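Novice: This structure is in C-alpha coordinates; I'll ask about it shortly.
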Amino acid sequence: MLRGFDRLFALLAASLSAHSTLAEEEAVERWGVNMPKGVTEVAQTTYELHMLILWICVAIGVLVFGVMFYSMWRHRKSKGHQAAQFHESTAVELVWTIIPTIILILMAIPATKTLYDIYDTDKADLDIMITGYQWKWKYDYLGSDVSFFSNLSTPRAQINNEQPKGPNYLLEVDEPLVVPIKKKIRFLITANDVIHAWWVPDLAVKKDAIPGFINESWTRIEEPGIYRGQCAELCGRDHGFMPIVIKAVPEAEYTAWLGGKATAAAKMRELTEKTFTFDELFTQGEKVYNRACAACHQPNGQGVPGVFPPIAGSKIATGSLESHLDIVIDGSQVNPAMQAFGEQLSEVDLAAVITYQRNAFGNEMGDTVQPIDILNFKNKQ
(Lines of atoms letter the chains of each structure in order from A and count residues from 1; the text may use other names and numbers.)
(Lines give C-alpha, C1' and ligand atoms only; values in the text may rest on other atoms or scores of the structure.)
Protein backbone atom coordinates (compact mmCIF):
# COMPACT_ATOMS: atom_id res chain seq x y z
CA MET A 1 0.00 0.00 0.00
CA LEU A 2 2.87 2.36 0.83
CA ARG A 3 4.30 1.76 -2.63
CA GLY A 4 0.92 2.61 -4.20
CA PHE A 5 0.72 5.91 -2.31
CA ASP A 6 4.28 6.72 -3.34
CA ARG A 7 3.32 6.29 -6.99
CA LEU A 8 0.22 8.48 -6.49
CA PHE A 9 2.22 11.31 -4.92
CA ALA A 10 4.88 11.02 -7.64
CA LEU A 11 2.27 11.34 -10.37
CA LEU A 12 0.64 14.32 -8.60
CA ALA A 13 4.03 16.05 -8.19
CA ALA A 14 4.95 15.42 -11.82
CA SER A 15 1.62 16.83 -12.97
CA LEU A 16 1.98 20.00 -10.88
CA SER A 17 5.57 20.41 -12.04
CA ALA A 18 4.53 20.12 -15.71
CA HIS A 19 1.80 22.72 -15.24
CA SER A 20 4.08 25.17 -13.48
CA THR A 21 6.96 24.97 -15.97
CA LEU A 22 5.02 24.84 -19.25
CA ALA A 23 4.57 28.34 -20.68
CA GLU A 24 0.94 29.49 -20.78
CA GLU A 25 1.16 30.38 -24.46
CA GLU A 26 2.52 26.93 -25.29
CA ALA A 27 -0.33 25.30 -23.38
CA VAL A 28 -2.90 27.30 -25.34
CA GLU A 29 -1.24 26.48 -28.65
CA ARG A 30 -0.70 22.80 -27.90
CA TRP A 31 -3.93 21.88 -26.15
CA GLY A 32 -6.27 24.83 -26.59
CA VAL A 33 -7.35 24.46 -22.95
CA ASN A 34 -6.86 28.03 -21.77
CA MET A 35 -8.76 31.19 -22.59
CA PRO A 36 -7.03 33.62 -25.00
CA LYS A 37 -5.26 36.69 -23.69
CA GLY A 38 -7.10 38.87 -26.18
CA VAL A 39 -6.09 42.16 -27.78
CA THR A 40 -7.94 44.68 -25.61
CA GLU A 41 -7.23 45.93 -22.11
CA VAL A 42 -10.44 44.36 -20.78
CA ALA A 43 -9.58 41.04 -22.44
CA GLN A 44 -6.13 40.99 -20.87
CA THR A 45 -7.49 42.01 -17.47
CA THR A 46 -10.05 39.22 -17.71
CA TYR A 47 -7.31 36.74 -18.61
CA GLU A 48 -5.15 37.84 -15.67
CA LEU A 49 -8.13 37.56 -13.31
CA HIS A 50 -8.85 34.09 -14.68
CA MET A 51 -5.27 32.96 -14.09
CA LEU A 52 -5.18 34.46 -10.59
CA ILE A 53 -8.37 32.69 -9.52
CA LEU A 54 -7.25 29.48 -11.23
CA TRP A 55 -3.97 29.31 -9.30
CA ILE A 56 -5.70 30.22 -6.03
CA CYS A 57 -8.08 27.31 -6.61
CA VAL A 58 -5.16 25.02 -7.53
CA ALA A 59 -3.33 25.97 -4.34
CA ILE A 60 -6.45 25.37 -2.22
CA GLY A 61 -7.04 22.04 -3.95
CA VAL A 62 -3.45 20.88 -3.43
CA LEU A 63 -3.54 21.92 0.23
CA VAL A 64 -6.91 20.34 1.04
CA PHE A 65 -6.35 17.10 -0.86
CA GLY A 66 -2.76 16.92 0.34
CA VAL A 67 -3.89 17.06 3.98
CA MET A 68 -6.66 14.58 3.26
CA PHE A 69 -4.40 12.05 1.48
CA TYR A 70 -1.65 12.43 4.11
CA SER A 71 -4.16 11.90 6.92
CA MET A 72 -5.55 8.76 5.29
CA TRP A 73 -2.06 7.39 4.70
CA ARG A 74 -0.56 8.39 8.07
CA HIS A 75 -3.48 7.16 10.15
CA ARG A 76 -4.53 4.08 8.20
CA LYS A 77 -5.93 1.04 9.96
CA SER A 78 -3.03 -1.22 8.85
CA LYS A 79 -0.76 0.78 11.17
CA GLY A 80 -3.02 0.07 14.13
CA HIS A 81 -4.81 3.42 14.30
CA GLN A 82 -8.33 3.44 15.66
CA ALA A 83 -11.03 5.79 14.42
CA ALA A 84 -11.27 8.85 16.68
CA GLN A 85 -14.51 9.48 18.53
CA PHE A 86 -15.23 13.21 18.89
CA HIS A 87 -17.92 15.84 18.53
CA GLU A 88 -17.77 19.09 16.60
CA SER A 89 -15.18 21.67 17.58
CA THR A 90 -16.30 25.30 17.72
CA ALA A 91 -12.77 26.54 17.13
CA VAL A 92 -12.31 24.36 14.02
CA GLU A 93 -15.71 25.41 12.62
CA LEU A 94 -14.81 29.07 13.09
CA VAL A 95 -11.47 28.56 11.34
CA TRP A 96 -12.90 26.79 8.29
CA THR A 97 -15.64 29.42 8.01
CA ILE A 98 -13.52 32.56 8.51
CA ILE A 99 -10.59 31.57 6.28
CA PRO A 100 -12.75 30.75 3.17
CA THR A 101 -14.71 33.97 3.76
CA ILE A 102 -11.50 36.01 3.76
CA ILE A 103 -10.30 34.22 0.60
CA LEU A 104 -13.60 34.93 -1.16
CA ILE A 105 -13.46 38.61 -0.21
CA LEU A 106 -9.89 38.90 -1.51
CA MET A 107 -10.97 37.20 -4.77
CA ALA A 108 -14.01 39.46 -5.07
CA ILE A 109 -11.98 42.70 -5.06
CA PRO A 110 -10.26 42.23 -8.47
CA ALA A 111 -13.35 40.45 -9.86
CA THR A 112 -15.60 43.40 -8.99
CA LYS A 113 -13.21 45.89 -10.60
CA THR A 114 -13.04 43.79 -13.78
CA LEU A 115 -16.83 43.45 -13.95
CA TYR A 116 -17.18 47.20 -13.50
CA ASP A 117 -14.87 47.79 -16.46
CA ILE A 118 -16.73 45.24 -18.62
CA TYR A 119 -20.08 46.96 -18.07
CA ASP A 120 -18.84 50.55 -18.37
CA THR A 121 -20.27 51.52 -21.79
CA ASP A 122 -20.35 55.29 -21.14
CA LYS A 123 -18.58 57.89 -23.29
CA ALA A 124 -18.38 55.77 -26.43
CA ASP A 125 -16.89 57.27 -29.60
CA LEU A 126 -18.97 55.03 -31.90
CA ASP A 127 -22.26 53.15 -31.50
CA ILE A 128 -23.01 50.06 -33.60
CA MET A 129 -26.33 48.23 -33.53
CA ILE A 130 -25.89 44.48 -34.00
CA THR A 131 -28.95 42.40 -34.95
CA GLY A 132 -28.88 38.62 -35.20
CA TYR A 133 -30.82 36.85 -37.94
CA GLN A 134 -30.92 33.19 -38.89
CA TRP A 135 -28.09 32.92 -39.94
CA LYS A 136 -26.38 36.25 -40.42
CA TRP A 137 -25.58 39.50 -38.60
CA LYS A 138 -26.79 42.97 -39.46
CA TYR A 139 -24.63 45.97 -38.54
CA ASP A 140 -26.03 49.53 -38.31
CA TYR A 141 -23.57 52.35 -37.73
CA LEU A 142 -25.76 54.70 -35.69
CA GLY A 143 -25.62 58.32 -36.76
CA SER A 144 -24.84 57.41 -40.38
CA ASP A 145 -26.59 55.78 -43.35
CA VAL A 146 -24.29 52.77 -43.28
CA SER A 147 -26.05 49.46 -42.71
CA PHE A 148 -25.30 46.00 -44.08
CA PHE A 149 -25.62 42.26 -43.52
CA SER A 150 -22.63 40.02 -42.88
CA ASN A 151 -23.01 36.50 -44.29
CA LEU A 152 -20.89 33.36 -44.20
CA SER A 153 -18.66 33.28 -47.30
CA THR A 154 -17.16 29.79 -46.96
CA PRO A 155 -17.87 28.05 -50.29
CA ARG A 156 -20.58 25.40 -50.24
CA ALA A 157 -18.10 23.02 -51.89
CA GLN A 158 -15.98 23.12 -48.71
CA ILE A 159 -19.02 22.62 -46.48
CA ASN A 160 -20.07 19.61 -48.61
CA ASN A 161 -16.51 18.18 -48.43
CA GLU A 162 -16.06 18.60 -52.18
CA GLN A 163 -13.01 20.84 -51.73
CA PRO A 164 -10.25 21.06 -49.09
CA LYS A 165 -11.23 23.31 -46.21
CA GLY A 166 -9.58 26.73 -46.01
CA PRO A 167 -7.64 28.11 -43.02
CA ASN A 168 -10.68 30.10 -41.82
CA TYR A 169 -13.31 27.46 -42.54
CA LEU A 170 -16.74 28.68 -41.34
CA LEU A 171 -15.06 31.81 -39.92
CA GLU A 172 -15.10 34.03 -43.03
CA VAL A 173 -17.74 36.50 -44.18
CA ASP A 174 -18.55 38.60 -47.23
CA GLU A 175 -18.78 41.86 -45.22
CA PRO A 176 -16.65 42.21 -42.07
CA LEU A 177 -17.48 44.70 -39.32
CA VAL A 178 -14.95 47.51 -39.84
CA VAL A 179 -14.04 49.58 -36.76
CA PRO A 180 -11.38 52.20 -35.94
CA ILE A 181 -8.58 51.43 -33.52
CA LYS A 182 -8.01 53.41 -30.32
CA LYS A 183 -11.71 54.35 -30.10
CA LYS A 184 -14.29 53.21 -27.57
CA ILE A 185 -16.97 51.33 -29.50
CA ARG A 186 -20.31 50.51 -27.91
CA PHE A 187 -22.24 47.52 -29.24
CA LEU A 188 -26.03 47.46 -28.92
CA ILE A 189 -26.97 43.83 -29.43
CA THR A 190 -30.42 42.39 -30.23
CA ALA A 191 -32.05 39.79 -32.50
CA ASN A 192 -34.79 39.67 -35.10
CA ASP A 193 -36.03 36.09 -34.73
CA VAL A 194 -34.55 33.74 -32.11
CA ILE A 195 -31.90 34.08 -29.40
CA HIS A 196 -28.35 34.40 -30.71
CA ALA A 197 -25.10 35.35 -28.95
CA TRP A 198 -22.42 37.69 -30.34
CA TRP A 199 -19.06 36.31 -29.22
CA VAL A 200 -15.55 37.48 -30.13
CA PRO A 201 -13.00 35.84 -27.78
CA ASP A 202 -10.08 38.16 -28.66
CA LEU A 203 -12.16 41.16 -27.56
CA ALA A 204 -13.60 39.44 -24.45
CA VAL A 205 -17.09 40.33 -25.73
CA LYS A 206 -19.95 37.85 -25.44
CA LYS A 207 -23.54 39.04 -25.21
CA ASP A 208 -26.87 37.36 -25.86
CA ALA A 209 -28.89 38.78 -28.75
CA ILE A 210 -32.52 38.51 -27.62
CA PRO A 211 -35.57 39.63 -29.65
CA GLY A 212 -37.19 42.65 -28.03
CA PHE A 213 -34.20 43.41 -25.77
CA ILE A 214 -31.01 45.39 -26.29
CA ASN A 215 -27.86 44.30 -24.48
CA GLU A 216 -24.77 46.49 -24.33
CA SER A 217 -21.08 45.78 -24.53
CA TRP A 218 -17.99 47.68 -25.64
CA THR A 219 -14.43 47.39 -26.80
CA ARG A 220 -11.35 49.46 -27.61
CA ILE A 221 -8.88 47.78 -29.97
CA GLU A 222 -5.35 49.15 -29.84
CA GLU A 223 -3.76 47.45 -32.86
CA PRO A 224 -5.01 46.86 -36.44
CA GLY A 225 -5.99 43.30 -37.22
CA ILE A 226 -8.73 40.84 -38.03
CA TYR A 227 -10.56 39.17 -35.15
CA ARG A 228 -13.03 36.34 -35.54
CA GLY A 229 -15.91 34.97 -33.52
CA GLN A 230 -19.14 33.02 -33.79
CA CYS A 231 -22.71 32.87 -32.63
CA ALA A 232 -22.45 31.18 -29.23
CA GLU A 233 -26.13 30.26 -28.87
CA LEU A 234 -27.76 27.19 -30.41
CA CYS A 235 -30.07 29.18 -32.71
CA GLY A 236 -31.27 26.37 -34.98
CA ARG A 237 -30.15 24.49 -38.05
CA ASP A 238 -26.96 25.99 -39.57
CA HIS A 239 -26.13 27.61 -36.22
CA GLY A 240 -22.46 26.92 -36.98
CA PHE A 241 -22.70 28.97 -40.19
CA MET A 242 -23.02 32.34 -38.41
CA PRO A 243 -19.49 33.72 -38.03
CA ILE A 244 -18.32 37.16 -36.94
CA VAL A 245 -15.35 38.95 -38.47
CA ILE A 246 -14.08 42.30 -37.17
CA LYS A 247 -11.53 44.31 -39.11
CA ALA A 248 -9.80 46.95 -36.96
CA VAL A 249 -8.12 49.69 -39.00
CA PRO A 250 -6.51 53.10 -38.40
CA GLU A 251 -8.95 55.98 -38.09
CA ALA A 252 -8.08 57.49 -41.50
CA GLU A 253 -8.72 54.16 -43.24
CA TYR A 254 -11.97 53.73 -41.29
CA THR A 255 -13.18 57.21 -42.29
CA ALA A 256 -12.45 56.45 -45.95
CA TRP A 257 -14.25 53.11 -45.71
CA LEU A 258 -17.28 54.67 -44.01
CA GLY A 259 -17.48 57.34 -46.71
CA GLY A 260 -17.28 54.66 -49.40
CA LYS A 261 -20.10 52.67 -47.80
CA ALA A 262 -22.27 55.78 -47.55
CA THR A 263 -21.62 56.54 -51.22
CA ALA A 264 -22.45 52.94 -52.17
CA ALA A 265 -25.73 53.16 -50.21
CA ALA A 266 -26.67 56.35 -52.06
CA LYS A 267 -25.79 54.72 -55.37
CA MET A 268 -27.91 51.70 -54.51
CA ARG A 269 -30.88 53.99 -53.90
CA GLU A 270 -30.32 55.50 -57.35
CA LEU A 271 -30.18 52.03 -58.91
CA THR A 272 -33.74 51.42 -57.71
CA GLU A 273 -34.90 53.71 -60.51
CA LYS A 274 -32.76 51.99 -63.15
CA THR A 275 -34.07 49.40 -65.62
CA PHE A 276 -31.79 46.35 -65.76
CA THR A 277 -31.46 43.82 -68.56
CA PHE A 278 -32.50 40.24 -67.99
CA ASP A 279 -28.89 39.05 -68.10
CA GLU A 280 -27.83 41.62 -65.48
CA LEU A 281 -30.61 40.56 -63.14
CA PHE A 282 -30.03 36.84 -63.70
CA THR A 283 -26.28 37.10 -63.05
CA GLN A 284 -26.75 39.19 -59.90
CA GLY A 285 -29.64 36.99 -58.78
CA GLU A 286 -27.46 33.89 -58.89
CA LYS A 287 -24.95 35.55 -56.56
CA VAL A 288 -27.70 36.64 -54.16
CA TYR A 289 -29.29 33.18 -54.25
CA ASN A 290 -26.02 31.43 -53.40
CA ARG A 291 -25.44 33.86 -50.55
CA ALA A 292 -28.92 34.06 -49.04
CA CYS A 293 -31.00 31.11 -50.25
CA ALA A 294 -28.78 28.15 -51.10
CA ALA A 295 -28.21 27.11 -47.47
CA CYS A 296 -31.86 26.01 -47.22
CA HIS A 297 -33.02 25.45 -50.81
CA GLN A 298 -29.63 24.05 -51.93
CA PRO A 299 -27.46 25.36 -54.80
CA ASN A 300 -29.34 23.16 -57.28
CA GLY A 301 -32.74 24.43 -56.13
CA GLN A 302 -33.89 20.99 -54.99
CA GLY A 303 -34.36 21.90 -51.33
CA VAL A 304 -34.21 19.41 -48.47
CA PRO A 305 -37.09 16.90 -48.62
CA GLY A 306 -39.41 17.25 -45.65
CA VAL A 307 -37.56 20.32 -44.36
CA PHE A 308 -37.13 23.01 -47.03
CA PRO A 309 -39.20 23.02 -50.24
CA PRO A 310 -37.50 23.08 -53.64
CA ILE A 311 -37.38 26.14 -55.90
CA ALA A 312 -37.24 23.97 -59.02
CA GLY A 313 -40.79 23.51 -60.26
CA SER A 314 -42.34 24.98 -57.10
CA LYS A 315 -45.80 26.53 -57.13
CA ILE A 316 -44.31 29.78 -55.82
CA ALA A 317 -41.54 30.16 -58.41
CA THR A 318 -43.80 29.10 -61.28
CA GLY A 319 -47.00 30.69 -59.98
CA SER A 320 -48.22 34.27 -59.77
CA LEU A 321 -45.51 36.92 -59.50
CA GLU A 322 -47.34 38.72 -56.68
CA SER A 323 -47.37 35.58 -54.50
CA HIS A 324 -43.65 35.13 -55.17
CA LEU A 325 -42.93 38.73 -54.20
CA ASP A 326 -45.03 38.37 -51.06
CA ILE A 327 -43.28 35.29 -49.67
CA VAL A 328 -39.75 36.55 -50.43
CA ILE A 329 -40.35 40.06 -49.10
CA ASP A 330 -42.65 39.26 -46.14
CA GLY A 331 -41.76 35.66 -45.37
CA SER A 332 -44.12 32.78 -44.67
CA GLN A 333 -46.73 32.72 -41.92
CA VAL A 334 -47.06 28.94 -42.31
CA ASN A 335 -43.36 28.07 -42.22
CA PRO A 336 -41.37 30.43 -39.94
CA ALA A 337 -38.12 29.04 -41.40
CA MET A 338 -38.89 31.11 -44.51
CA GLN A 339 -37.67 34.50 -43.35
CA ALA A 340 -38.80 37.91 -44.59
CA PHE A 341 -36.04 39.28 -46.82
CA GLY A 342 -37.67 42.68 -47.41
CA GLU A 343 -35.30 44.36 -44.96
CA GLN A 344 -32.37 42.02 -45.44
CA LEU A 345 -31.87 42.62 -49.17
CA SER A 346 -31.92 45.79 -51.24
CA GLU A 347 -34.58 46.35 -53.90
CA VAL A 348 -31.98 45.56 -56.55
CA ASP A 349 -30.99 42.26 -54.94
CA LEU A 350 -34.63 41.30 -54.34
CA ALA A 351 -35.50 41.95 -57.98
CA ALA A 352 -32.45 39.99 -59.11
CA VAL A 353 -33.01 36.93 -56.92
CA ILE A 354 -36.71 36.66 -57.79
CA THR A 355 -35.87 36.97 -61.48
CA TYR A 356 -33.27 34.24 -61.03
CA GLN A 357 -35.62 31.90 -59.14
CA ARG A 358 -38.33 32.22 -61.78
CA ASN A 359 -35.94 31.41 -64.62
CA ALA A 360 -33.35 29.04 -63.12
CA PHE A 361 -33.58 25.32 -62.28
CA GLY A 362 -35.76 24.67 -65.33
CA ASN A 363 -38.54 27.05 -64.25
CA GLU A 364 -38.15 29.19 -67.42
CA MET A 365 -41.00 31.60 -66.60
CA GLY A 366 -39.50 34.41 -68.70
CA ASP A 367 -40.30 37.05 -66.04
CA THR A 368 -38.06 40.04 -65.41
CA VAL A 369 -38.55 41.83 -62.07
CA GLN A 370 -37.19 45.37 -61.79
CA PRO A 371 -36.21 47.16 -58.55
CA ILE A 372 -39.04 49.63 -59.06
CA ASP A 373 -41.47 46.67 -58.99
CA ILE A 374 -40.14 45.74 -55.55
CA LEU A 375 -40.45 49.33 -54.34
CA ASN A 376 -44.03 49.59 -55.64
CA PHE A 377 -44.96 46.30 -53.98
CA LYS A 378 -43.59 47.52 -50.65
CA ASN A 379 -45.41 50.83 -50.95
CA LYS A 380 -48.75 49.04 -51.48
CA GLN A 381 -48.47 47.23 -48.16
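Residue numbers (mature numbering (1 follows the signal peptide of the UniProt record, and there is no 0)): -23 to -1, 1 to 358.
Built from N, CA and C at the ideal position, the CB exists for glycine as well.
Keep in mind it's a predicted model, so treat the numbers as computed, not measured.
1) Given that a residue counts as buried once 16 or more other Cβ atoms are within 10 Å of its Cβ, and exposed if not, what is V44?
2) Mind checking A134: buried by the 16 CB within 10 Å criterion, or exposed?
3) With F125 as the anchor, note down where its beta strand (DSSP E) starts and where it stops.
4) Looking at the structure shown, is A186 part of a helix, part of a strand, or coil, going by DSSP?
5) Should R335 be labelled buried (16 or more other beta-carbon atoms within 10 Å of its own) or exposed?
6) Return the first residue and the last residue of the beta strand (DSSP E) that C273 is part of.
7) Could you tell me the distance, in whole angstroms, from the CA atom of N340 to the CA atom of I158?
8) May I have the straight-line CA-CA distance separating T232 from A241, to the nearest angstrom?
9) Sorted by chain position, which residues of the same chain lie with C-beta nearer than 7 Å to P201's C-beta, five sequence neighbours on each side aside?
10) Three Cβ pairs or more, each shorter than 8 Å: is that satisfied between the segment 241 to 253 and the segment 263 to 273?
11) Is it the case that the Cβ atoms of I172 and E230 are separated by a distance below 7 Å?
12) In whole angstroms, what separates the C-alpha of G308 from that of T249?
13) Under the assumption that P77 contacts L29 (Cβ atoms under 8 Å), give the Cβ distance between them as a whole number of angstroms.
14) Since I162 and R197 are thought to touch, with beta carbons under 8 Å apart, how far apart are those beta carbons, to the nearest angstrom?
15) From which residue to which residue does the alpha helix (DSSP H) around H301 run?
16) With a Cβ-Cβ cutoff of 7 Å, do S124 and F164 count as a contact?
17) Give me the Cβ distance between L180 and Y204, rounded to the nearest whole Å; I'm assuming they're in contact under 8 Å.
18) Look at F42 and W112 and say whether their C-beta atoms are less than 7 Å apart.
19) Which class does A314 belong to by DSSP, given the choice of helix, strand or coil?
20) For F354, which residues of its own chain have a beta-carbon under 6 Å away from its beta-carbon, when the five flanking residues on both sides are left out?
21) Here's the rule: buried if 16 or more other CB atoms are within 10 angstroms of the residue's CB, otherwise exposed. What is V305?
22) Throw me the rounded Cβ distance for the Q321 and F126 pair, which I believe falls under 8 Å.
23) How about I288 and G296: do their beta carbons lie closer than 7 Å?
24) Please classify E324: is it buried, with 16 or more other beta-carbons within 10 angstroms of its beta-carbon, or exposed?
25) Taking Cβ to Cβ, would you say D215 is nearer than 7 Å to A272?
26) Would you tell me roughly how many angstroms separate the C-alpha atoms of V39 and H64, rounded to the nearest one?
27) Among the candidates I107, P282, V10, whose CA atom is the shortest distance from the CA of I187?
28) According to DSSP, what are the bridge partners of R163?
29) For G278, report the span of its beta strand (DSSP E) as first-last.
30) Short of 7 Å in beta carbon distance, which residues of its chain neighbour A328, apart from the five on each side in sequence? Order them along the chain.
31) Taking the alpha-carbon positions, what's the N128 to E149 distance?
32) To the nearest angstrom, report how far apart L92 and T98 are at their CA atoms.
33) For the putative contact between Y110 and D151, defined by C-beta atoms under 8 Å, what is the C-beta separation to the nearest angstrom?
34) Given this structure, state the Cα-to-Cα distance separating P141 from P132, to the nearest angstrom.
35) As a quick exercise: from P313, I293, V182, pick the residue whose alpha carbon is nearest that of M12.
Specialist: The structure says:
1) exposed
2) exposed
3) 124 to 127
4) strand
5) buried
6) No beta strand (DSSP E) contains C273, which is instead part of the alpha helix (DSSP H) from 271 to 274.
7) 49 Å
8) 14 Å
9) I158, A225, V226, P227
10) no
11) no
12) 22 Å
13) With a Cβ gap of about 17 Å, P77 and L29 do not count as contacting.
14) 7 Å
15) 298 to 307
16) no
17) 6 Å
18) no
19) coil
20) L302
21) buried
22) 6 Å
23) no
24) buried
25) yes
26) 27 Å
27) I107
28) D104, W195
29) Element bounds for G278: n/a, residue is neither H nor E.
30) L258, V346, Q347, P348, D350, I351
31) 8 Å
32) 12 Å
33) In fact, because the Cβ distance is near 14 Å, the residues do not count as touching under 8 Å.
34) 10 Å
35) V182
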